[in-house]
Amino acid sequence: MKVTMKDIAKEAGVSVATVSHVINGTKNITEPKRSKVLEIIEKYHYVPNSTAKNLRTQSTKTAAMVVSSFTDSFVNGMIYGVEQKAREMGYSLLLVNTNEDEEYEKKSINLLYSKMVDGIILSPTSNDINYLNDFTESMPIVLVNRYNPVVKNAPRVTGDNFRVGYDATSHLIQHGHRNIGVIYAVPNVSTTEGRLAGYRQALEEKGIMYDEEHLELGYATVEGGAKAAETLLKKEKDITALFIQNDLMTIGVISKLKELGLKIPEDIALIGFGDSPSAAITAPPITNMVLPPQQIGAKAFESLSKLINGETHVENIELPASMVVRKSCGCE
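Residues 979 to 1310, numbered by my numbering, are exactly what the sequence shown covers, in order.
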């Protein structure tokens, strides 16, 4: 059912005129009444007819990017790619960090929708994003890095995360490792699921049994990586190699291995993800799986621009993975 200004007024316990004044800023309204009206507007994703008409015919030249975090080199590179392309195309960019908080993500999308940005680029906190279907019919939205195909009318720009997991695992197997641990950053997101699917297939192709006990959650932080490494190596003493899915966690793992007196790669071989600038100067230098974050970000904004300009069939894009080989995996 389409919500009207009259419905908003009734639920807020105010007059229709008051709702109009809040929306248009034409009169000072007491803060309690104003807050109540805005809360209901956001609740129902209400867009006044006149404003919706203006949205279709006028551009604010402002877009928003909502990311689940911006702590590691990959996410920072992706943000930079979006910002650079937005600037090239004459757009201002609003940036929101949800810090992996699903409810805050939903509130942010509601707010950005009501504030009438031209479009949104979203890297969601989880696969639970069916709610976006309430917005994608009337707001250009592009999913970046993470996605769920349940969302309609929202093209995605991602990297080949299956290949990330497959190639990292295959490379460690080639070095003779059969017990390979994985420290992953976040559960219930497409990036983690894709990499674990690649990891599992690489094992199965070589006749190595997949064991969920070889997986440990590291929460995408230095501290989380260190704790995950200690937990994993204490409970699974046969592990001889680790694939770590975030560069901050890699720092924590290296620190913990040194604390435990374990040498890299002699005792534990490592492959990380993201390739921060410090990876090449760490002792030993770290082998990393790489996706092109700046290119992913730039392509995401290009896709958003197409939607803003009225294109209805914008293709999904998946960019290839590569490996930067250094000494931590056992290569000379």
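Where is the CB? At the ideal position from N, CA and C, for every residue including glycine.
In this structure, V1122 sits near A1278, with a CB-CB distance shorter than 8 angstroms. Counting the other CB atoms within 10 Å of its CB gives D1253 a total of 16 or more, which places it among the buried residues. Around the beta-carbon of H1192, 16 or more other beta-carbon atoms lie within 10 Å, marking it buried.
In this structure, C1307 sits near L1150, with a CB-CB distance shorter than 8 angstroms.
Here D1225 is buried. Its C-beta has 16 or more other C-beta atoms within 10 Å. The straight-line gap separating the alpha-carbon atoms of S1051 and N1075 is approximately 15 angstroms. Excluding five sequence positions before and after I986, the CB atoms of its chain that fall closer than 7 angstroms to its own CB belong to V997, V1015, I1018, I1019 and Y1024, given in chain order. Assignment of beta-bridge partners to M1227 by DSSP yields no partner. Contact between L1110 and A1146 does not hold, since their C-beta atoms are separated by about 31 angstroms, which reaches or exceeds 8 angstroms. In the DSSP assignment, the residues bridged to V1302 are N1266.
Separation of the CB atoms of I1107 and V1129 is rounded to 6 angstroms, and the pair is thereby assigned contact status at 8 angstroms.
DSSP places N1075 within a strand segment (E or B) once states are collapsed to three. Going by DSSP, L1016 is part of the alpha helix (DSSP H) stretching over E1009 to K1021. Excluding sequence positions up to five before and after E1201, its CB lies within less than 8 angstroms of the CB of G1230, all in the same chain and listed in chain order. G1097: not part of any alpha helix (DSSP H); member of the beta strand (DSSP E) spanning G1097 to L1100, first to last residue.
Two segments are said to touch when three or more pairs of C-beta atoms, one from each, lie closer than 8 angstroms; by this definition the segment 1201 to 1214 touches the segment 1230 to 1240.
When the alpha-carbon of E1081 is set against those of S993, N1006 and T1103, the nearest one is in T1103. With a cut-off of 8 angstroms on Cβ pairs, the segment 1281 to 1296 is not in contact with the segment 1246 to 1262, counting fewer than three such pairs.
When the alpha-carbon of Q1062 is set against those of P1298, P1118, V1303 and Q1273, the nearest one is in Q1273.
In the DSSP annotation of this structure, the continuous segment of the beta strand (DSSP E) that includes V1120 starts and ends at I1119 to V1122.
When rounded, the separation of the alpha-carbon atoms in L1073 and A1042 is 6 angstroms.
Look at L1195 here: in three-state DSSP terms it is strand.
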